[in-house]
Structures are given as structure tokens and as C-alpha cells.
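Novice: Okay, handing you the structure first.
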Amino acid sequence: MRIRPATADELPRLQDIERAAGEPFRALGMVEIADDDPPTLEALEGHRRAGRAWVAVANEGPPLGYLLDEVVDGAAHIEQVSVHPSAARRGLGRLLIDALADRAAAEGLTALTLTTFAEVPWNAPYYARLGFRTLGDAELTEGLRRIRRHEAELGLDRWPRVCMRRSL
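Going by my numbering, the sequence shown opens with residue 14, and the numbers climb by one from there.
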């Protein structure tokens with residue numbers, strides 16, 4: 014498995030991965046999450062041009078997973094990490110996150126951060142196994158507070174959410 018920057022022609026595939034990765038939420042009664050639209054091609058292209066869109070590929074095949082990040086308050090913030098269900102449980106999410114950690118450290122960033130669902134098994138509990146810890150309200154940076162406000166506006170607070178951090 015190899016992690017590399019996403020190419021422009023792969024962006025529709027990233028949308029397909031996102032749609033497929035959303036399906037397991039349906040079984041948890043989170044139909045709105047399962048039915049949520051993937052990032053637009055314009056948004057994906059913005060991440061790609063900024064050098065913040067990464068894919069996991071086997072040999073020269075199509076992407077099986079992807080990660081989007083941005084810098085938020087001195088940390089690499091994982092905006093999205095998704096793996097196609099056909100490639101799940103092979104460590105691709107971990108590979109994408111560990112590759113980001115290496116890049117972020119080389120950029121002089123202090124940590125990885127993310128926001129996620131607290132009670133979804135492949136969300137907060139998974140990230141905790143990867144070394145992330147849940148942040149208390151007093152630990153949230155202004156950037157993370159802004160992200161959480163936006164998520165609340167989108168209705169994501171219908172289910173418990175948390176901010177998490179992994180120091181580098």
C-alpha cells in the first residue's frame with residue numbers, strides 16, 4: 014500500500030469512496046450521514062492544489078482511501094479520512110493518518126486534530142486506539158471552536174461529537 018498526493022482525475026473516485034464509506038452509518042440509524050453528499054469536486058480540488066489531499070493505493074490501482082487536511086491553529090486538522098468498505102480493516106486509515114503525522118512534523122506542526130462522532134465504533138474509539146485523546150472544552154483552540162460551530166449549524170450535533178488531538 015502506498016500513500017501519495019491525489020491527482021485531479023482521481024477526485025470523482027474520492028467522492029465514490031465517501032459515498033460508500035457513509036453506508037455503514039445507515040445501520041446505526043444515522044441515515045442523514047449515510048445520505049450526506051461527498052465533498053464537491055471544487056472543494057476536493059482546493060485541497061489537492063494546496064497539497065492537502067492524499068490517497069492510499071495498492072500498486073498502480075485506483076485510490077482505496079483518502080485523507081483531506083488543513084492547518085488549524087498550528088496543527089494538521091484531519092477534515093476527512095475515508096476508506097472504501099471493500100478495503101476496510103487493512104490498516105489504510107492508520108497509514109493515511111501516520112503519513113500525515115510525518116508530514117505535519119516535518120512542517121513544524123504540533124499535533125493532529127480532528128472532530129468525530131463520539132459513539133460510532135469506527136470514529137472516536139478507533140482514533141483513541143491510534144493515539145488521539147478527547148479534548149475538554151477548555152482545551153479547544155479558537156479554530157476547533159469554529160469548526161464545531163459549523164458542524165452544529167450543519168446538524169451534526171444530533172449525535173454526540175468530540176474534538177480529538179494526537180501530539181507529534
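For glycine and all other residues, C-beta sits at the position ideal for the given N, C-alpha and C. Since this is a predicted model, take the numbers as computed values, not measurements.
Any idea what DSSP makes of Arg10, helix, strand or coil?
Specialist: Coverage of the chain is limited to positions 14 through 181, which leaves residue 10 absent and any answer about it impossible.
Novice: Return the residue from the list Leu54, Leu143 and Arg146 that minimises the CA-CA distance to Arg26.
Specialist: Leu54
Novice: Using a Cβ distance threshold of 8 Å, determine whether the segment 93-111 contacts the segment 155-169, with at least three qualifying pairs required.
Specialist: Touching, no.
Novice: Can you tell me whether Asn72 is buried or exposed? The criterion is at least 16 other CB atoms within 10 Å of its CB, across all chains shown.
Specialist: exposed
Novice: Could you round the C-beta distance between Val85 and Gly156 to whole angstroms and report it? I think they count as a contact, below 8 Å.
Specialist: 4 Å between Cβ atoms; contact.
Novice: Go through its chain and collect everything with a Cβ distance to Pro75's Cβ below 6 Å, but skip five positions before and after it.
Specialist: Arg26
Novice: Asp82 by DSSP, collapsed to three states: which one?
Specialist: strand
Novice: Mind checking whether Pro18 and Ala66 have CB atoms under 8 Å apart?
Specialist: With respect to the 8 Å criterion, Pro18 and Ala66 are classified as neighbours on the basis of their beta carbons.
Novice: Beta strand (DSSP E) containing Leu41: first to last residue?
Specialist: Here Leu41 belongs to no beta strand (DSSP E), and DSSP marks it neither H nor E.
Novice: How would you write the range of the beta strand (DSSP E) that Glu92 sits in, first residue to last?
Specialist: DSSP places Glu92 inside the beta strand (DSSP E), whose first and last residues are Ala88 to Val96.
Novice: Does Arg26 come within less than 8 Å of chain D when only Cβ atoms are used?
Specialist: The structure shown contains no chain D; it holds only a single protein chain.
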